[in-house]
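*Asks:*
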Amino acid sequence: MNQDTVKGDWMQLKGKIKQRWAKLTDDDLQLLEGRLEELTGVLQKRYGLARDAADRQAREFCDECSCL
């Protein structure tokens, strides 16, 4: 997969993430770029979720999008 394809996929995922979690900032998304496994921590920080709740939401999102 070339770099343009990866960048295009990230742009689509970023849009889906912003739709689902509107409180996430552009800085949060920049931090996540290429590292969706860190989504749990960002969700905990922005939404004040317990780790297990944030992890569940992140896994459900990634399962829906087939991103991990």
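First residue of the sequence shown: 1329, per our numbering; consecutive thereafter. The beta carbon of each residue, even a glycine, is placed where N, CA and C say it ideally should be. None of the values given here were measured: they were computed from a predicted structure.
1) I'd like the span of the alpha helix (DSSP H) that includes residue 1361, first residue to last.
2) Give me, in chain order, the residues of the same chain whose beta-carbon lies closer than 7 Å to that of residue 1371; leave out the 5 immediate sequence neighbours on both sides.
3) Taking the alpha-carbon positions, what's the residue 1339 to residue 1357 distance?
4) In three-state terms, what does DSSP make of residue 1353?
*Replies:* In short:
1) Per DSSP, residue 1361 belongs to no alpha helix (DSSP H) and is neither H nor E.
2) Non-local C-beta neighbours of residue 1371 in its own chain, meaning closer than 7 Å and more than five positions away in sequence, comprise 1349, 1377, 1382, 1385, 1386, ordered along the chain.
3) Distance between the alpha carbons of residue 1339 and residue 1357 is about 10 Å.
4) Assigned with DSSP and collapsed to three states, residue 1353 falls in coil, not helix or strand.
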